[in-house]
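In my numbering, the protein residues as written are 1 to 484. The structure appears below as C-alpha cells.
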Amino acid sequence: MKKLSNYINGDFSSPINNKYIENYSPTNGCVYSLIPDSDEKDVDMAISAAKKSFESWGKSTKEYRYQWMMKLADAIDKNAEELVMAESFDNGKPEWLARAVDIPRCSANIRFFATAILHFDSDSHDMDGGALNYTLKQPIGVAGCISPWNLPLYLLTWKIAPALAAGNTVVAKPSEITPYTAYLFSKICHDIDFPPGVINIVHGYGDTAGDAVVKKCDIISFTGGTETGKIIAINAASQFKKYSLELGGKNPMVIFEDCDFDLAVETAIKAAFLNQGQICLCGSRIFIEDSIYPKFRAAFLKQTKCLRVGDPKNKSSNLGAIVSKQHLENILDKINIAEKDGGKIIIGGKRVFLDGDLADGYYMLPTVIENTKNTDEINQREVFGPVATILPFRDEKEVVKMCNEVKYGLSASIFCNNISKAHRMAASIDAGVVWINTWLLRDLRIPFGGMKHSGVGREGGEHSLDFFTETKNVCVKIENGGNK
Ligand code: NDP
1 MKKLSNYING DFSSPINNKY IENYSPTNGC VYSLIPDSDE KDVDMAISAA KKSFESWGKS
61 TKEYRYQWMM KLADAIDKNA EELVMAESFD NGKPEWLARA VDIPRCSANI RFFATAILHF
121 DSDSHDMDGG ALNYTLKQPI GVAGCISPWN LPLYLLTWKI APALAAGNTV VAKPSEITPY
181 TAYLFSKICH DIDFPPGVIN IVHGYGDTAG DAVVKKCDII SFTGGTETGK IIAINAASQF
241 KKYSLELGGK NPMVIFEDCD FDLAVETAIK AAFLNQGQIC LCGSRIFIED SIYPKFRAAF
301 LKQTKCLRVG DPKNKSSNLG AIVSKQHLEN ILDKINIAEK DGGKIIIGGK RVFLDGDLAD
361 GYYMLPTVIE NTKNTDEINQ REVFGPVATI LPFRDEKEVV KMCNEVKYGL SASIFCNNIS
421 KAHRMAASID AGVVWINTWL LRDLRIPFGG MKHSGVGREG GEHSLDFFTE TKNVCVKIEN
481 GGNK
C-alpha cells in the first residue's frame, strides 16, 4: 500500500509517531493509500524549517520569487494529467471537471500571484507642513494554510501562492480526506528543487496537525466549515494573529419572471449540482417568482432527470462520487430531516449503486425538494451535496427577507432583466459575492469572501497580498517644512 510522506525542508519524511491514516477512494470505497497521522512534533519540524527559510525567502527580491513560482506553475502544467486523475480518484469528482477546472486553476493561481506581486504597490501620504508618510508591506513569517476537501489542490494553491509571493514561507495542511494531490504537489516542488523549507506540507487530522498549525504559525489562512472556523478564530485571536476564514454558505438563486428563462434553468442546474453540490458557492436554495414557478419547476426537473451519476472517468458522467461514506450519510440524513419537516422529494434523495468495481463507491442522485419553509433545517444548514430546494416567492421584499434569513452570507445569484431591480437586490442581499445573470464567474482580482457566518476577510488579488503582509507606516519629517 502506497504510504504518503510529509514534505518538510525540501525532503520527504514519515510522521515521527509512525502512525498512518487510511485514505479511501470514494469512487470505489477502497483504501488505496496511507497518509501520515502527523502531530505537533511534525508541525514543529515544519515550522522550524519554514522559519529558517524565511530568513532568505522573506528578504528575496520579488523577481526571484516570481521566477520560482513561474517554474512551479510550469511544472504543475507538465504533470497536469497525473494530477487530474489523482484528484478525481481521491475526491470522487469527474475527471473532466478536474481537467477543466481544478488543475488548471492550480497553476493559474500560482502564475496570478507570481505576477501580481510585481505590481503590488503601497500608499504614500504627503502632509501639509513638510512630512511624508509611506507604507511598507512586509512579509509576516510562517503562514499556516489549511484547506478543505472539495477543491483540494485548487484551494491549497489559492492560499500558498499569495503567501509565497508576499515573501512568507508556508506550512500547509491539506484535508486528510483528500491528501493525494497535495502529496503530488510536494513531489513537484522536490523535483524542481524549489528552495527547501519555503513550502512544507504536513498531512494529518485537523484537531491534531491542524490545531498545531493554527497555534504555532504566524498567520492563518483557513477554508473549511463554519464550526471549524469558530475554533480557529478562537485559537488565532487569543494570540492576536491575523487570520482569514472562508467558510460555509447557504446560497440563494433568485429567479424573477422577467429573466432569460433558459439561462436561469441551465445555470441553476450547474449551481446546484456541479462537483456533486460540494462547492461552497453552490446555489442550494432556489427562489422562483410565483408566476413562473410551475414552468421553472418542470424545466428544472426535466434537466435534473437528464443528469448522469456515473464513473468519474467517463466523460458522460455529470456527477461522480460524494467525497466520503460519512459525508454521504450526512447528506442522506439531512434529506430525511427535510422530509420529516414536511418537504417533498420530487426527484432523487437516494444512494446509487454502480456496477462492477465501483459497486461500493459513494454515489447519490441529484435531489430536488419542494414544499419546504425557508426556516426549515434543510434551508438553514449547509448540506454541501447535490441537494436543492425550490421555493416560490411573491415579490422583491419577500425574497430579500428569505435570502437573508440564514446565518450565512457567502454568495447569491439573481436572474432578472430589469437593471434597477437587479442592482437593488444585489445591494440588499447579505452576501460577499453577488452574481447577476450568471454563477461562478470568477476574476482572481476581486474581493472574495463571505459575510456573517460565512467568513472573515477577503481573498483575491491585492486583498490576499494585503492579508499576507504586515502594513507599516513610515513618517518622515522634511526639514524646512518641505520648502525649497
Ligand atoms: P472542515 O472545516 O471539516 O475542514 C477544513 C480543514 O480544516 C481540514 O483540513 C480539516 O482537517 C481542518 N481542521 C479541522 N479541525 C481543525 C482544527 N481544530 N484546527 C485546525 N484545522 C482543523 O471542512 P471540510 O473539509 O468538511 O470542507 C467543507 C466546508 O468547507 C464546507 O462548509 C464548505 O462550505 C467550506 N468551504 C468554504 C469555501 C469558501 O471559500 N468560503 C470554499 C470551499 C469550502 P480534517 O480534514 O482532518 O478535519
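Every residue gets a Cβ at the ideal spot worked out from N, C-alpha and C, and that includes glycine.
Could you check whether residue j and residue i sit closer than 8 angstroms to each other, using their CB atoms as the reference points?
| i | j | result |
| --- | --- | --- |
| Ala46 | Asn200 | yes |
| Gly320 | Gly167 | no |
| Ile369 | Ala338 | yes |
| Leu365 | Asp311 | no |
| Gly409 | Ser454 | yes |
| Phe256 | Lys93 | no |
| Ile192 | Ala75 | yes |
| Gly197 | Lys71 | no |
| Leu263 | Leu153 | no |
| Asp360 | Asn28 | yes |
| Leu136 | Lys373 | no |
| Val399 | Phe393 | yes |
| Tyr66 | Leu118 | yes |
| Ala114 | Ala73 | yes |
| Val474 | Tyr64 | no |
| Ile345 | Ile335 | yes |
| Asp39 | Asn17 | yes |
| Ser25 | Asp77 | no |
| Ala50 | Thr169 | yes |
| Ile220 | Thr469 | no |
| Ala165 | Ala116 | yes |
| Pro15 | Asn6 | yes |
Helix, strand or coil, according to DSSP, for residue i in the structure here?
| i | result |
| --- | --- |
| Thr304 | helix |
| Cys475 | strand |
| Ile322 | coil |
| Ala359 | coil |
| Val400 | helix |
| Lys52 | helix |
| Asp11 | strand |
| Tyr154 | helix |
| Lys242 | strand |
| Lys344 | strand |
| Val214 | helix |
| Val198 | coil |
| Ser411 | strand |
| Phe185 | helix |
| Arg442 | coil |
Going by CA-CA distance only, name the one from the options that's closest to residue i.
| i | options | result |
| --- | --- | --- |
| Ala427 | Pro392, Asn404 and Lys52 | Asn404 |
| Asn330 | Asp218, Asn374, Gln278 and Val309 | Gln278 |
| His327 | Val383, Asn374, Ile35 and His190 | Val383 |
| Lys401 | Ala298, Cys416, Thr375 and Ile446 | Thr375 |
| Pro36 | Lys3, Ile8, Asn133 and Val406 | Lys3 |
| Thr87 | Asn480, Met425, Leu156 and Val198 | What sits at residue 87 in the sequence shown is Glu, not Thr. That would be Leu156, whose Cα lies nearest to the Cα of Glu87. |
| Ile419 | Lys452, Ile436, Ala431 and Asp360 | Ile436 |
| Gly449 | Phe222, Pro386 and Gly481 | Phe222 |
| Thr267 | Tyr24, Trp439 and Asp211 | Trp439 |
| Gly343 | Gly356, Pro294, Leu391 and Val323 | Leu391 |
| Leu184 | Glu470, Gly432, Asp44 and Ile103 | Ile103 |
| Asn483 | Met425, Ala131, Thr208 and Ala165 | Ala131 |
| Val476 | Ser48, Lys41, Asp128 and Tyr24 | Asp128 |
| Asp42 | Ser33, Cys416, Gly210 and Tyr293 | Gly210 |
| Thr226 | Glu462, Lys407, Ala237 and Glu377 | Lys407 |
Is residue i near the ligand NDP - that is, is its Cβ less than 7 angstroms away from at least one heavy atom of it?
| i | result |
| --- | --- |
| Ile201 | no |
| Gly342 | no |
| Ser175 | yes |
| Leu410 | yes |
| Ile146 | yes |
| Ile76 | no |
| Val399 | no |
| Cys416 | no |
| Ser454 | yes |
| Phe185 | no |
| Thr228 | yes |
| Trp439 | no |
| Tyr7 | no |
| Ile231 | yes |
| Gly457 | no |
At least one CB of chain D closer than 8 angstroms to the CB of residue i: is that the case?
| i | result |
| --- | --- |
| Lys313 | Of the protein chains in this structure there is only one, and it is not chain D. |
- Task: Inspect the CB distances between the stretch 223 to 238 and the stretch 106 to 118 and report whether three or more fall short of 8 angstroms.
- Result: Not touching, per the Cβ criterion.
- Inter-stretch contact at 8 angstroms, needing at least 3 Cβ pairs: the stretch 263 to 276 / the stretch 82 to 102: Verdict: yes, contact present.
- For the stretch 116 to 130 and the stretch 209 to 217, state whether three or more C-beta atom pairs, one from each stretch, are separated by less than 8 angstroms. Contact annotation: the stretch 116 to 130 does not touch the stretch 209 to 217, with fewer than three C-beta pairs closer than 8 angstroms.
- Determine contact between the stretch 348 to 361 and the stretch 240 to 248, defined as no fewer than three beta-carbon pairs at a distance below 8 angstroms. Contact fails between the stretch 348 to 361 and the stretch 240 to 248, because fewer than three Cβ pairs, one in each stretch, are under 8 angstroms apart.
- Query: Three or more C-beta pairs closer than 8 angstroms, one from the stretch 173 to 180 and one from the stretch 148 to 165: is that the case here?
  - Reply: Using a Cβ-Cβ distance cut-off of 8 angstroms, the stretch 173 to 180 and the stretch 148 to 165 are in contact, since at least three pairs of beta carbons, one from each stretch, lie closer than that value.
- Message: Contact between the stretch 373 to 393 and the stretch 247 to 259 is defined here as three or more beta-carbon pairs at a separation below 8 angstroms; is this criterion met?
- Response: When C-beta atoms of the stretch 373 to 393 are compared with those of the stretch 247 to 259, three or more pairs fall below 8 angstroms, so the two segments count as touching.
- Task: Specify whether the stretch 441 to 460 and the stretch 293 to 313 touch according to this definition: at least 3 beta carbon pairs, one from each stretch, less than 8 angstroms apart.
- Result: Touching, no.
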